[in-house]
Structure formats: structure tokens, C-alpha cells
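Protein chains: 2
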Amino acid sequence: MGSSDNEWRRGRGYHHGNLRQVLLDAAGKLIEQHGPLGFSLAEAARLAGVSPAAPYRHFRDRDALLSEVARTGFERFAAQLETAWDNGRPTPLQAIENLGRAYLNFARNEPAAYAVMFQTVGENGKELQDMPAADHAFNVLQKATAELCKALPAAERPPSRLVSLHIWALAHGVATLLSESRGERRKVPVSPEEVLESGMLIYLKGLGVLGEGPAGGAGPA
Amino acid sequence: MGSSDNEWRRGRGYHHGNLRQVLLDAAGKLIEQHGPLGFSLAEAARLAGVSPAAPYRHFRDRDALLSEVARTGFERFAAQLETAWDNGRPTPLQAIENLGRAYLNFARNEPAAYAVMFQTVGENGKELQDMPAADHAFNVLQKATAELCKALPAAERPPSRLVSLHIWALAHGVATLLSESRGERRKVPVSPEEVLESGMLIYLKGLGVLGEGPAGGAGPA
DNA sequence: GATCCCATGTGAACGGCTTTTACTTGAACC
DNA sequence: GGTTCAAGTAAAAGCCGTTCACATGGGATC
Numbered sequence: 001m002g003s004s005d006n007e008w009r010r011g012r013g014y015h016h017g018n019l020r021q022v023l024l025d026a027a028g029k030l031i032e033q034h035g036p037l038g039f040s041l042a043e044a045a046r047l048a049g050v051s052p053a054a055p056y057r058h059f060r061d062r063d064a065l066l067s068e069v070a071r072t073g074f075e076r077f078a079a080q081l082e083t084a085w086d087n088g089r090p091t092p093l094q095a096i097e098n099l100g101r102a103y104l105n106f107a108r109n110e111p112a113a114y115a116v117m118f119q120t121v122g123e124n125g126k127e128l129q130d131m132p133a134a135d136h137a138f139n140v141l142q143k144a145t146a147e148l149c150k151a152l153p154a155a156e157r158p159p160s161r162l163v164s165l166h167i168w169a170l171a172h173g174v175a176t177l178l179s180e181s182r183g184e185r186r187k188v189p190v191s192p193e194e195v196l197e198s199g200m201l202i203y204l205k206g207l208g209v210l211g212e213g214p215a216g217g218a219g220p221a
Numbered sequence: 001m002g003s004s005d006n007e008w009r010r011g012r013g014y015h016h017g018n019l020r021q022v023l024l025d026a027a028g029k030l031i032e033q034h035g036p037l038g039f040s041l042a043e044a045a046r047l048a049g050v051s052p053a054a055p056y057r058h059f060r061d062r063d064a065l066l067s068e069v070a071r072t073g074f075e076r077f078a079a080q081l082e083t084a085w086d087n088g089r090p091t092p093l094q095a096i097e098n099l100g101r102a103y104l105n106f107a108r109n110e111p112a113a114y115a116v117m118f119q120t121v122g123e124n125g126k127e128l129q130d131m132p133a134a135d136h137a138f139n140v141l142q143k144a145t146a147e148l149c150k151a152l153p154a155a156e157r158p159p160s161r162l163v164s165l166h167i168w169a170l171a172h173g174v175a176t177l178l179s180e181s182r183g184e185r186r187k188v189p190v191s192p193e194e195v196l197e198s199g200m201l202i203y204l205k206g207l208g209v210l211g212e213g214p215a216g217g218a219g220p221a
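Put into C-alpha cells, the structure is as follows:
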């Protein structure tokens, strides 16, 4: 709340200030609290102190607002993945593990955005795929796997797109199945990070990208 | 009454017949059509030819009906996985590939159930985990990975629960990210089955379970 | 500085949804 | 035949999304 300067009116001279952004923030809070299904446009409006019809001056409908939440989410997601990858430094292996951790961190820190990105949007195949921000995020992963695959002799080098799909699927699966709200946590007293990292290590060993470091990633003792 | 024992009236002497099951079927159809969010109890009742209040004689509320859809879905899921695994025949490797295909087949053939199982249920961490049927499905996977891991020297054998989580996450990720309604399909002209199978092969090779068969699972040409 | 314009917000309304309440019905049992 | 109780109905309250006509006031124009 520290924005004591006149941020609340910077966009242009609105009536409310910058209702558009306020609604997006309110949506984030509500989705975090009640899940992306429990989100209601009316409640967001109430939380922003405007009438239920006001949001329609800024978003075509409820789905459009949710789409925007997803879009900005993908942008932050891509940026964080890119930062974590850091152009493969210090080493591609270390970097891709950082990338995996960044993936899970995003899913944990922004559950609302993550849920909307991969759940609400594209619910019944409506209108998700034309989202350049999502492509950007995936491209970071693809860039990383391509760099990794360069260490392989071309003969046994699988298409790097396939490799990035494997890693994406693994990361998404871990993030989804072991998210904090899910019950598997009790029976699986292991952190998502541990699961993803060990899984990636085994996978990368199978790929041939891995001298022979921590064999299996779960060596006992 | 001549106990003609007609099926449409078998449960007990209902008014409608077997409304409970009819509602569950209607829910399945509607969820397939409009996605699990677009499902409406009222529409299901209309489709079953009863008043909007009738479902409340059979389900506590909307979520209870959805939970039941998820529960029966998990039962079929577990059964199909078990059949595919077939106690590790003909060979554990072949069997676990069958299991992967069965996973994707279920997600494709019963998108409504799959979506509800992993999406609607447990939306905001409400009440999903006490679902024995879900445990049963996971146990099939765990049994399979345990069998697989037996081929490994105990020294480098990771906890089989961890291995089953890896495979589950990979399968779930592939099923989710590459489902037919998703747009990635265009850019990734490769079937989910191919992605999952190649991913599993690479992973299993990394595990050490894999003589040296199809290296990488994506040998060019 | 007065005036006009149009983006932005309001209020009221429609239809649909979920859920509860009081009621009706009719099959099963004695 | 009469009673009972599960199963269905009707009506209503309260929420939501969405649309419409209308109000308002900040900024551009003269």
C-alpha cells in the first residue's frame, strides 16, 4: 500500500483511477482464496468499490478478464524462467535445474495465475492458443533443452522440441499433482522440488547428458 | 405386483426410475460438451426430465454430484490401468508402456471424468483426498514401478514411490498439456502417445532399467 | 474560460443458477 | 384398505453474468 504518490490516477484521468488494474489485482486475490472456479466478477467489482457493471467498460466479459490474468501470468512466468535459465550459466545442467525450481516456485507463489493459465483458459477449447506470452514461456524451455542436447552426438540426439515437452510435462505434472492444496502431500512426504529434480536427473541421465553424477538422483545415504 | 424386475426400476421403487444414475450420465454428457465448469445441475435435471430440485434427493449439492463423477471415474481408471499392466506381462517394460497408453486412452476417451478427477475436485482444497478410488489408481502405478525397480541392484534403487510419482507426473503432464482441445497440438505435430512413450523410455534408460534397446526412444530414421 | 464529447461509471432489469422450504405423490408394507 | 416414507414438485430467496439507458466529469476545442 505504500504508493502514497498519485499512482492511483496515473493511467489517464479516470473516474475511479485505474480500475482495470485494480480489477486484475482483485481477481488474483479472489482466485487465490476461492479457486479459479469460485471467482466472481461481481465480487471483484465489489472489492474494487464499483458497480457490477463497471468491469464491462474494461473487459468484454468474465472470460476476457480471466484471459488477461493468464496473459500477464505467462509474461511473468516467461521472465522468471528466463532469469533462472540465465543463458545456461553456470553450466547447462545447473541452469536447467534452476529452471525447474523456478517453474515450481511460480506455481507455488502465484497459484491463482498458474491455475488460470493452465486450467480455466482453454477450458472447452475456446481461445487460449493465440497467446504469444505462452509461446514465449515455452520457448525458454526449448532454448534450454536445445542447449542441453548440443552435448549429445547428433546420431542419438532426439528432437529438442520433444525433450522440452518431456520436461515441461514432468514439471507441470509435479506442480499440479503435488500442489500444496492436494492431499497427496500427506502420503508423499517429499517436496515437489525433490520430485522434479530427481526425475529430471534420471531423465537427463537417460538422455546421455550427464557424465555419471548423482546416479539416479536418489542414491540412499 | 408381478416382479418383472425391469432394470429401469431395479434400485427400489422410485418415482422416476433410477434418477441417480441418469443424473450422473447426464452430467458426463454435459461436462464433455461444455467443460467441467460449464456444467449446471439445473441443466442436468432438465435433461433428465425432472425439476431443478429433484437432484437434491440424491446428492447433497452440486459438488457432491461432481465428486461422485470423479469417484466412479477413478474406479474405471484404476480398473483400466490394472488391465493394461496385466501383472507385468508379457514383460514389465512392455507392460508399463501399455499402462502409459491406457492412461492416455482414459484421458482421451473420458475427458469429462478425467477433468473432474484432476480439476474440479479439490479445486480449493476442499474434500478430494479421502477418495480411496484415487488411491487404488495410484497403487496400480506404484505396484508397476516396484516391479520395474526390482530389476535394479538395491544400491542404486530409488524409492519406488518416487519413481511412480515421476511417471505419474509425466503422464498427467502429457495428458493435460497435449489434450486434443489444447492448441499446442498444431505446433507439436506429435501424438501424446509418442511423447509419453519416448519420455518414459528415456527416463527408464536413466533409471538403469533398459538393456540398451531403442536408445533415446527417438532414434532418427 | 465556457462548451462539447466521449470514456467511464451507475441503476435497473432479465434470465439462469444453486439451494431451501413446504407441499404432494404413490409404491411398498401390514 | 390405510399408513408411511422415499422421491418428486413448486415456489421462493439470493447470487451471478450481462445488457441497456442514463449520468458524470475530465480534457480537448474554440
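Sequences listed follow chains U and Z, in order.
full-length UniProt numbering numbers the first residue of the first sequence as 1 and each following residue consecutively.
full-length UniProt numbering numbers the first residue of the second sequence as 1 and each following residue consecutively.
Glycine included, every Cβ here is placed at the ideal spot set by N, Cα and C.
Note that the structure is predicted; figures quoted are calculated from it, not measured.
Contact list for U/Ser160 against chain Z, beta-carbon separation under 9 angstroms: Those within 9 angstroms of U/Ser160 in chain Z number zero; the least Cβ separation is about 10 angstroms.
If the cut is a Cβ gap below 7 angstroms, which residues of chain U does Z/Lys205 touch? Gly206
With distances taken between CB atoms, is the gap from Z/Thr145 to Z/Val174 smaller than 8 angstroms? no
Neighbour-count burial assignment, Z/Glu180, 16 or more Cβ in a 10 Å radius: exposed
Alpha carbon to alpha carbon, what distance is there between Z/His34 and U/Ile202? 39 angstroms
Which one of Z/Leu93, Z/Pro90, Z/Ala154 and Z/Leu141 has the shortest CA to CA distance from Z/Ala171? Comparing alpha carbon positions, the residue from Z/Leu93, Z/Pro90, Z/Ala154 and Z/Leu141 closest to Z/Ala171 is Z/Leu141.
Give a yes or no on whether the minimum CB-CB distance between Z/Thr145 and chain U is below 8 angstroms. no
If you drop the 5 nearest sequence neighbours on each side, which residues of the same chain put their C-beta closer than 7 angstroms to that of U/Arg20? His58
Proximity test, Cβ basis, 8 angstroms: Z/Ile202 and chain U: yes
Within the continuous alpha helix (DSSP H) that includes U/Lys143, where are the two ends? Pro132 to Cys149
Chain Z contact residues for U/Ser198, given Cβ-Cβ distances below 8 angstroms: Ordered by position in chain Z, the residues that pass the 8 angstroms Cβ test against U/Ser198 are Pro158, Leu162 and His166.
Close beta carbons around U/Glu32, own chain, < 7 angstroms, minus the five adjacent residues each side: The residues are Pro111 and Ala112.
Rounded to whole angstroms, what's the CA-CA distance from U/Ala70 to U/Met117? Just pull it up for me. 5 angstroms
Given that U/Val174 touches chain Z, what residues does it touch there, using C-beta distances under 7 angstroms? Ala169
Is the beta carbon of Z/Arg101 less than 8 angstroms from the beta carbon of Z/Glu193? yes
Three-state secondary structure assigned by DSSP to Z/Val50: coil
What's the C-alpha gap between Z/Phe74 and Z/Leu65? Z/Phe74 and Z/Leu65 have their C-alpha atoms spaced approximately 14 angstroms apart.
Is the Cβ-Cβ distance between Z/Phe39 and Z/Leu30 less than 8 angstroms? yes
For U/Asn98 versus U/Ala84, is the C-beta spacing smaller than 8 angstroms? yes
Evaluate U/Gln94 with the Cβ neighbour count: other Cβ atoms within 10 Å of its Cβ, from every protein chain shown; 16 or more gives buried, anything less gives exposed. Around the Cβ of U/Gln94, a 10 Å sphere holds fewer than 16 other Cβ atoms; the residue is exposed.
Where does the unbroken alpha helix (DSSP H) through U/Pro111 begin, and where does it stop? Run containing U/Pro111: Pro111 to Ala115, per the alpha helix (DSSP H) assignment.
Are U/Leu178 and U/Val195 touching if we call contact CB-CB under 8 angstroms? yes
Whose C-beta lies closer than 6 angstroms to the C-beta of Z/Tyr114 among residues of the same chain, with five residues either side of it excluded? Ala107
According to a CB-to-CB cut-off of less than 7 angstroms, which residues of the UniProt DNA-binding region "H-T-H motif" (40-59) of chain U neighbour chain Z? none
Are the CB atoms of U/Leu24 and U/Pro55 nearer to each other than 8 angstroms? no
Neighbouring residues, chain Z, relative to U/Val195 (Cβ below 9 angstroms): Those within 9 angstroms of U/Val195 in chain Z are Leu162, Leu165, His166 and Ala169.
Proximal chain Z residues relative to U/Val190, where beta-carbon distance stays under 9 angstroms: Pro159, Arg161, Leu162 and Leu165
6 angstroms Cβ shell around Z/Ala26 - same chain, five flanking residues per side excluded: Ala44, Leu47 and Ala48
Anything in chain Z within Cβ reach of U/Gln94, meaning under 8 angstroms, just list it in chain order. Within 8 angstroms Cβ-Cβ: nothing; U/Gln94 doesn't reach chain Z, min ~18 angstroms.
Measuring straight from C-alpha to C-alpha, what distance separates Z/Gly206 and U/Leu207? 7 angstroms
With 8 angstroms as the threshold, decide whether the Cβ of Z/Gln119 is near any Cβ in chain U. yes
I want to see whether chain U comes within less than 8 angstroms of Z/Leu177, judged by CB atoms only; does it? yes
Measuring alpha carbon to alpha carbon, tell me which of Z/His16, Z/Ser67, Z/Ile167 and Z/Pro52 ends up nearest Z/Gly28. Z/Ser67
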